[in-house]
Amino acid sequence: MGQPQRKKLEKTLKPHWVWAIAFGSAVGWGAFVLPTDWLQGNGPLAVVIGFLLGAVLMTVIGVSYGFLIKQFPVSGGEFAYAYIGFGRTHAFVAGWFLTLGYICTVALNSSALALLGKFLFPSVVKVVPLYTIAGWDVYLGEVIISTVTLIVFAFLNIRGASFSGRSQFIFTIILLTGVVLLAIGAIVSDQATTSNMQPLFAPGKPAIASILAILAITPWAYLGFDNIPQAAEEFDFPPNKAFKLIVYALLAAGLAYSVMVLTVSSLAPWQELAGSASAWATGDAIDSLFGRLGIFIIAVALVMGIFTGLNGFYLSSSRLMFAMGRARVLPQVFHKLHPKYNTPYVGIMFTSALCLIAPWFGREVLLWIVDMSSIGVTIAYFYCCATAFKMSKSKAQKIFAGLGVISAAIFFFLLTLWFLDSSLSQPSYIALAVWAGLGLLFYLVKQKEYNAIPRKELNYLITEKEEIPGK
Numbered sequence: 073m074g075q076p077q078r079k080k081l082e083k084t085l086k087p088h089w090v091w092a093i094a095f096g097s098a099v100g101w102g103a104f105v106l107p108t109d110w111l112q113g114n115g116p117l118a119v120v121i122g123f124l125l126g127a128v129l130m131t132v133i134g135v136s137y138g139f140l141i142k143q144f145p146v147s148g149g150e151f152a153y154a155y156i157g158f159g160r161t162h163a164f165v166a167g168w169f170l171t172l173g174y175i176c177t178v179a180l181n182s183s184a185l186a187l188l189g190k191f192l193f194p195s196v197v198k199v200v201p202l203y204t205i206a207g208w209d210v211y212l213g214e215v216i217i218s219t220v221t222l223i224v225f226a227f228l229n230i231r232g233a234s235f236s237g238r239s240q241f242i243f244t245i246i247l248l249t250g251v252v253l254l255a256i257g258a259i260v261s262d263q264a265t266t267s268n269m270q271p272l273f274a275p276g277k278p279a280i281a282s283i284l285a286i287l288a289i290t291p292w293a294y295l296g297f298d299n300i301p302q303a304a305e306e307f308d309f310p311p312n313k314a315f316k317l318i319v320y321a322l323l324a325a326g327l328a329y330s331v332m333v334l335t336v337s338s339l340a341p342w343q344e345l346a347g348s349a350s351a352w353a354t355g356d357a358i359d360s361l362f363g364r365l366g367i368f369i370i371a372v373a374l375v376m377g378i379f380t381g382l383n384g385f386y387l388s389s390s391r392l393m394f395a396m397g398r399a400r401v402l403p404q405v406f407h408k409l410h411p412k413y414n415t416p417y418v419g420i421m422f423t424s425a426l427c428l429i430a431p432w433f434g435r436e437v438l439l440w441i442v443d444m445s446s447i448g449v450t451i452a453y454f455y456c457c458a459t460a461f462k463m464s465k466s467k468a469q470k471i472f473a474g475l476g477v478i479s480a481a482i483f484f485f486l487l488t489l490w491f492l493d494s495s496l497s498q499p500s501y502i503a504l505a506v507w508a509g510l511g512l513l514f515y516l517v518k519q520k521e522y523n524a525i526p527r528k529e530l531n532y533l534i535t536e537k538e539e540i541p542g543k
């Protein structure tokens, strides 16, 4: 057949940049804003066990990612893997839900910067009150902060992957430095004590329930390590290194989360911190021990976490939409590359445009959607592991892929079984139904055109191979 046009991205990403993209995206702002939220109703040890266990399960899933990246180093990640293993309809399902997860995370990171502004400079940010949605007061000041942040990072990502990768590595080093300084400060301080961590588990609640509640959010907490397969087409190194980068990123993220939870819970009785009505209880805990210096350190680390999240998920969402446009699932305008920077700028601009709507609805509504998008992430994990199970010939690889399938299923049921504490809230279920309905409608419109593409042609567009090995 005559090969259709298949634009490719430049190979500019170095290994330490890719590690920083994965780690920085996974940790993001959550490690500096949410420790007191996680402690509430769970306890310090439950949170740490939940996160570390989640890192182990993610690493098991990461084995399948490493295997598939080595075989198919192309943009699209789980969209491509679902196609390879199960065909074009499943590819659409994986891509549709994963796109939402990435875009929501970009929006949430921009809102986190406004949240920091509310705490540090309330007189500047809390200007021109607009309205209240779901108990959240929306101010014009925070909308402006989020809007400017989204536009600036969209522009930086259009400038090129090498620019983003280099910046990501610098942001990540500063973030890690902040975590280490806060931990050292707590260790040498007389005020920080393990007695503040008592009881280690929430009283009146089974320890296993608390651990599972944290475990259920780890697909979202570690969302970012799967930015590695989205960037695979741009590696300037052999793709077989990807698995090591995934493991290093997950281990570092698990330790960073655990260190911040232990540090914060040592500064004051954790139940008091968890019950605080403060806009940023974690910041209050740091302030109580270190004063303004501590606030400066955690604020800088938080800003770096926001920047790494914005950078990483702008990259992933745009590369996913680029791959889906190349496969003609999405309009082919997403397949266009910037004439100067050779980046998938349409996907970047589309992500920015959607995210610019989010600040006007308040953070609480955004959190409902983000919680729902965790379902999409677990679906993507499932497809990746199931495809690796079908494709691999090694018994050990099949075992890990099978365990990955089970892990993804566990995450899915933790989020969907309504009688568990870890299940989604009712508004999140409604958001899930709306997004699934939109996806079905979009697929019905595109189905005839999408299914008309010959198999060999679609193989080539998605994987750069007319025949998929092992199929």
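When the letters of the sequence shown are read in order and numbered with my numbering, they come out as residues 73 to 543. Glycine is no exception: its CB is placed at the ideal position from the N, C-alpha and C atoms.
Pairing S97 with T177 gives a Cβ-Cβ distance under 9 Å. Beta-bridge annotation (DSSP): T204 is paired with D209.
In this model, A508 and L327 are separated by some 35 Å (Cα to Cα). Between the alpha carbons of I121 and I289 lies a distance of about 13 Å. Residues Y174, N299, Q302 of the same chain have their beta carbon placed closer than 6 Å to that of S388, with the five preceding and five following residues left out of the count. In summary, D443 is buried, with 16 or more beta-carbon neighbours lying within 10 Å of its beta-carbon over all protein chains present.
Runs of the alpha helix (DSSP H) spanning 4 or more residues and lying entirely within the stretch 205 to 271 occur at 212 to 230, 233 to 260, in chain order. Assignment of beta-bridge partners to F307 by DSSP yields L85. A458 is positioned such that its CB atom lies no closer than 9 Å to that of A468. Beyond the five residues adjoining it in sequence on each side, V333 comes within less than 8 Å, by CB distance, of P107, W110, L111, P116, V119, V120, F123 in the same chain, given in chain order. Put simply, the stretch 345 to 362 does not touch the stretch 195 to 207. Fewer than three CB pairs are less than 8 Å apart. CA-to-CA, the gap between G159 and V199 works out to about 51 Å. It is roughly 39 Å from the alpha-carbon of N312 to the alpha-carbon of A279. Taking every protein chain shown into account, the CB of T450 has 16 or more other CB atoms within 10 angstroms, so this residue is buried. Taken atom to atom, the span from the alpha-carbon of A395 to that of I420 is near 13 Å. When the five nearest sequence neighbours on each side are left out, the beta carbons in the same chain lying within less than 8 Å of the beta carbon of F273 are those of N114, G115, L117, A118, A279, S282, in order along the chain. Within a 10 Å sphere around the beta-carbon of F307 sit 16 or more other beta-carbons, which makes this residue buried.
Taking the Cα positions, L365 is about 14 Å away from T249.
With respect to the C-alpha of L253, the residue from Q77, S445, W432, F362 having the closest C-alpha is F362. The Cβ atoms of S338 and A425 do not sit closer than 9 Å to each other.
With fewer than 16 neighbouring CB atoms inside 10 Å of its own CB, A524 falls in the exposed class. Rounded to the nearest whole angstrom, the CA to CA distance from E305 to V196 is 43 Å. By the Cβ neighbour-count rule, T266 is exposed, with fewer than 16 other Cβ atoms within 10 Å of its own. Taking C-beta atoms as the reference points, Y413 and S390 fail to come closer than 9 Å. Counting C-beta pairs closer than 8 Å gives three or more between the stretch 378 to 385 and the stretch 223 to 234, which meets the contact rule.
Per the C-alpha coordinates, the member of M130, G448, Y155 positioned closest to L317 is M130.
Distance check between S182 and each of A340, Y211, T221 places T221 closest, using alpha-carbon atoms only.
Annotation: R398 to Q343 spans about 51 Å, alpha carbon to alpha carbon.
In this structure L247 touches M376 by the C-beta definition: roughly 4 Å separates them, less than 8 Å. In the three-state reduction of the DSSP assignment, W342 falls in the helix class, which pools H, G and I. Counting of Cβ neighbours within 10 angstroms places G276 among the exposed residues, the total staying below 16. Of the residues F422, A373, H407, A314, the one whose Cα lies closest to the Cα of F225 is F422. F433 and F144 have their C-alpha atoms spaced approximately 39 Å apart. Taking all protein chains shown into account, W490 has fewer than 16 neighbouring C-beta atoms within 10 Å of its C-beta and is therefore exposed. Within a 10 Å sphere around the beta-carbon of E539 sit fewer than 16 other beta-carbons, which makes this residue exposed. Shown here, V199 sits in coil according to DSSP, grouped into three states, outside any helix or strand.
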